[in-house]
Amino acid sequence: MFPYIFALLWLFSPGLIWSASAEAPSHIRAELISEFDAVIPGQQFRAGLLFQPEEGWHVYWQNPGDSGRRPHLTFDLPSGWLADDLLFPVPERIAVGPLVNFGYPGKVLLPIALEVPPSAAPGPLRMRAHADWLVCKEECVPGEKDLYLNLIVAGADRESGHQLLFRNTEKQLPIRSSQLHVETERSDKIIRLDIKAEAPLRLPAADLLYFPLESGEIQNAAVQRYVLKGDHASLELIPAAGRRDPPSQLHGVLVAKQGFGAAGMPYGIEIGEPRAVAPVTRLEEAPLSIGLLSALGLAFLGGLVLNLMPCVFPVLSIKILSFAKQGCASRQEAVKTALLFGLGVLVSFVGLALLLLFLRGAGQELGWGFQLQSPSFVAALALLTFILGLNFLGVVEFGARLQNLACTLDRHEGALGSFVSGVLATLLATPCTAPFMGSAIAFALSTSSFKAVLVFLALGTGMALPYVVLGSSPSLLRLLPRPGPWMVRLKELLSFPLFATALWLVWVLSIQHGSGAEMLLLFSMLLVGFGAWLMRAVRSTVKGWIVILLAAALGVAGAARAGRPPGTSPDSAVSIQGRLHWEPYSDTRVEELKKEGKPFLVDFTAAWCITCQVNKLVAFGSTEVQSALLRRRVTLLRADWTSREAGITAALARFGRAGVPLDVYYSGAPDAEPEILPSILTPGAVLAALHD
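In the working numbering, the protein residues as written are 460 to 1151.
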């Protein structure tokens, strides 16, 4: 019978079905190229990020316009090498309904200057750079990729086959010119640029457009009226609506479609200067000032409070049942069980610390709860809690039998179960960041490995201590009712928090990788249930467990291979909660809001963080809070850390945090520091920050 079951699982496994269709089309080709194949020590040369989108698709300029996101390129350079900023050729206006974006509807090269150190050793060299972008048509697809550039350091340089492309791109790069003079006149309704050109520049007869380098200057979709009169011209723009502090001088690029004169003249000329912003003392720039003893104390307190966080509620089901079973146990057995649970917690925290330190040492930007950013781990944990729920209902047995409704549970199984309970408690606790934990974990991730492990040990000790004290105290255990039929009912009742946890993890996976991965996991759970039924139907525990483990393995493997469907990136769309509109977080958007002096709030969150979800429901779901935020016109940014995002990890680190939740409020006042709100968010805490 088993070969037929195996064949059905293999043929109809959603992991295989999904993996065949999971690779969503990217609609663009990204490549890293260089103007030289061979370079010499001390040489400056240009590399470039080459985009070739499909017909009708486009990528964005450094200011994307009304929507979109600029591309980024980050080099992992050898020692001594230098890289400049990415350069952007002149863009085009791209109409998308009532909006206008700035970007490139075809092939485009974004150059970047590199410098070889004088001490560079001769020989072949392979450089890596990480690129991310957003490519759009009617829909938008975020993309990212590690790109590689192969060079040779030699005694003489050698041009590549891309020289012509680099030369043509050079002509499209905006320049600054002392031969172009621009004066700005503005009113509430019109911005007029008076433009004069000196030889050899010549103003075009038509098709002169202004592209702002900073958002919020003008209405991008408005018609720009250009009039040429001899060697003078005027360009009329419409200022952005609702701006409180319009700049007297614009900062952007004037683009002439046919160029500013004869061949060899530029197509784009940059005008104005970046607006100076008064220096602000920012909390995220403050270094961690706590020492090891303070970090250990905060970690211990954080571990204690962690037991009260919603993430740990499912583990309480297991421990309540454990305490009930210890009601007739000897003191020696009770102490042994409690200590083994504590040992499981401590071993897990040390293991997490070592894994986290190893991965960070390898260059990964990770923080607290990092394992839940892995879809494979989320799927495995969902299946584990589902199987535990079946066990509590008596559908799946692990070998322990309740005989005569008394305390005759096999002691070896009890010891192992206590240790595993400690491990599971740690895994389920990591989505939460309790008060006191943030500074302690940030200290651990910024100090030596030895001190970091000590901090994680203190955190585990704080979490395990209440269970160890309760489990090893006969006087407290005697307060429990004597074992009896109520234990069976209690065990069945406590299965439902475990099933609720499994459903929550399925939802987390759907946020990370879409409905396809969600259906895969649910189908795997169906197969697990079939394996449990098989145990009873054919009275074969071995066959049943083989089916269960095979279904779980296929589900986890399929989740690992599942790709994110188009348009489901957490940072690719605005989300709405009640009357509140949340924008996706980006460092660029934060800097824009700071320059504009607008109040804004950043919510660092993740779907797998239960505390975050409670905060959303309790605080941001409050009509009083929503009214206050709308009344004060607070811009809301959501930094979604459900999947790994290096930029969000870095932003958390700037605030001395290594995990979520974290909510930060900027009042918009030029000299005000950002205010960090409490981890356990209440309507009162938000209103107090708003001074409402």
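Positions of the beta carbon are idealized from the N, C-alpha and C atoms, including for glycine. Model, not experiment: these values are computed from the prediction.
Residue i: first and last residue of the uninterrupted alpha helix (DSSP H) it sits in
i: Gln622; result: 622-631
i: Leu1146; result: 1142-1149
i: Asp1046; result: 1046-1055
i: Arg1090; result: 1082-1090
Helix, strand or coil at residue i [DSSP, three-state]
i: Ala664; result: coil
i: Gly1118; result: coil
i: Ala1128; result: coil
i: Thr867; result: Residue placement at Thr867 is poorly supported in this model, since its pLDDT is 38, which falls under 50; the coordinates are not used for a value here.
i: Pro512; result: strand
i: Asn560; result: strand
i: Pro583; result: strand
i: Arg635; result: coil
i: Trp540; result: coil
i: Tyr726; result: coil
i: Phe1063; result: strand
i: Ile1139; result: coil
i: Arg552; result: strand
i: Glu743; result: No answer about Glu743 holds up, because its pLDDT of 32 lies below 50 and its placement is not dependable.
i: Pro1133; result: coil
i: Val682; result: coil
i: Leu569; result: strand
i: Val1093; result: coil
i: Glu792; result: helix
i: Phe878; result: helix
i: Leu458; result: Lying before the first or after the last residue shown, residue 458 is absent from the chain, which here runs from 460 to 1151.
Cutoff 6 angstroms; reference residue i; Cβ partners in own chain excluding five residues on either side
i: Ser1028; result: At Ser1028, the pLDDT of 40 sits below 50, so the modelled position is not reliable; the number obtained from the coordinates is stated separately. Cβ within range, chain order: Pro601.
i: Glu729; result: Pro633, Arg635, Val712
i: Asn609; result: Arg585
i: Glu603; result: Asp591
i: Leu532; result: Leu508, Leu545, Ala588, Ala590
i: Glu1134; result: Tyr1124, Ala1148
i: Leu805; result: Gly919
i: Phe958; result: Gly848
i: Leu751; result: Lys910
Per DSSP, the bridge partner or partners of residue i
i: Gln503; result: Glu574
i: Gly1153; result: Residue coverage of the chain in this structure runs from 460 to 1151, which leaves residue 1153 outside it and unanswerable.
i: Arg948; result: Partner(s): none; Arg948 has no beta bridge.
i: Asp653; result: Glu642, Ser693
i: Trp592; result: Gly602
i: Ala841; result: For Ala841, which the question treats as bridged, DSSP gives no partner whatsoever.
i: Ala715; result: Leu667
i: Ile677; result: Pro698
i: Arg1184; result: Here the chain comprises residues numbered 460 to 1151, so residue 1184 is not present and cannot be evaluated.
i: Glu732; result: Bridge partners of Glu732: none, in fact.
i: Ile846; result: DSSP lists no partner for Ile846.
i: Thr533; result: His589
Residue from the options whose Cα sits closest to the Cα of residue i
i: Leu883; options: Leu811, Glu513, Ile492, Leu929; result: Leu811
i: Asp1046; options: Ala1087, Val555, Ala1078, Leu1111; result: Leu1111
i: Ala715; options: Lys630, Gly689, Val794, His517; result: Lys630
i: Ser578; options: Asp647, Thr796, Gln502, Trp963; result: Gln502
i: Leu662; options: Ser908, Gly675, Gln638, Val682; result: Gln638
i: Glu657; options: Gln521, His640, Gly1056, Trp516; result: His640
i: Phe719; options: Pro1129, Leu668, Leu840; result: Leu668
i: Leu623; options: Ala699, Gly507, His589; result: Gly507
i: Tyr1125; options: Tyr1044, Leu1060, Thr1108, Thr1070; result: Leu1060
i: Asn679; options: Leu660, Ala699, Leu814, Lys688; result: Ala699
i: Ala838; options: His531, Leu981, Glu951, Phe808; result: Leu981
i: Gln521; options: Leu546, Leu694, Lys648, Leu964; result: Leu546
i: Leu1184; options: Val612, Ile649, Arg626, Leu569; result: It is not possible to answer for residue 1184, since the shown part of the chain is limited to 460 through 1151.
i: Thr844; options: Glu695, Ser1081, Leu652, Ala961; result: Ala961
i: Pro550; options: Leu541, Ser538, Tyr563; result: Tyr563
i: Ala1131; options: Lys1053, Ile1107, Gly1143; result: Lys1053
i: Ser807; options: Pro725, Phe915, Ser753; result: Phe915
Any C-beta of chain D under 7 angstroms from that of residue i
i: Asn850; result: The structure shown has no chain D; it contains just one protein chain.
Close Cβ partners of residue i (< 7 angstroms) along its chain, the five nearest in sequence each way excluded
i: Asp616; result: Phe495, Ala497, Val498, Ile499, Gln502
i: Ala572; result: Gln503, Arg505, Asp543
i: Arg488; result: Gln511
i: Gly1127; result: Gly1056, Lys1057, Pro1058
Terminal residues of the beta strand (DSSP E) in which residue i lies
i: Thr1101; result: No beta strand (DSSP E) holds Thr1101; DSSP gives it neither H nor E.
i: Gly455; result: The structure shown does not extend to residue 455, since the chain is modelled only from 460 through 1151, so no value can be given for it.
i: Glu494; result: Here Glu494 belongs to no beta strand (DSSP E), and DSSP marks it neither H nor E.
i: His1040; result: 1039-1043
Close-in-space but distant-in-sequence residues of the same chain around residue i (CB under 8 angstroms, 5 per side omitted)
i: Leu1039; result: Phe1079, Gln1085, Leu1088, Leu1089, Leu1095
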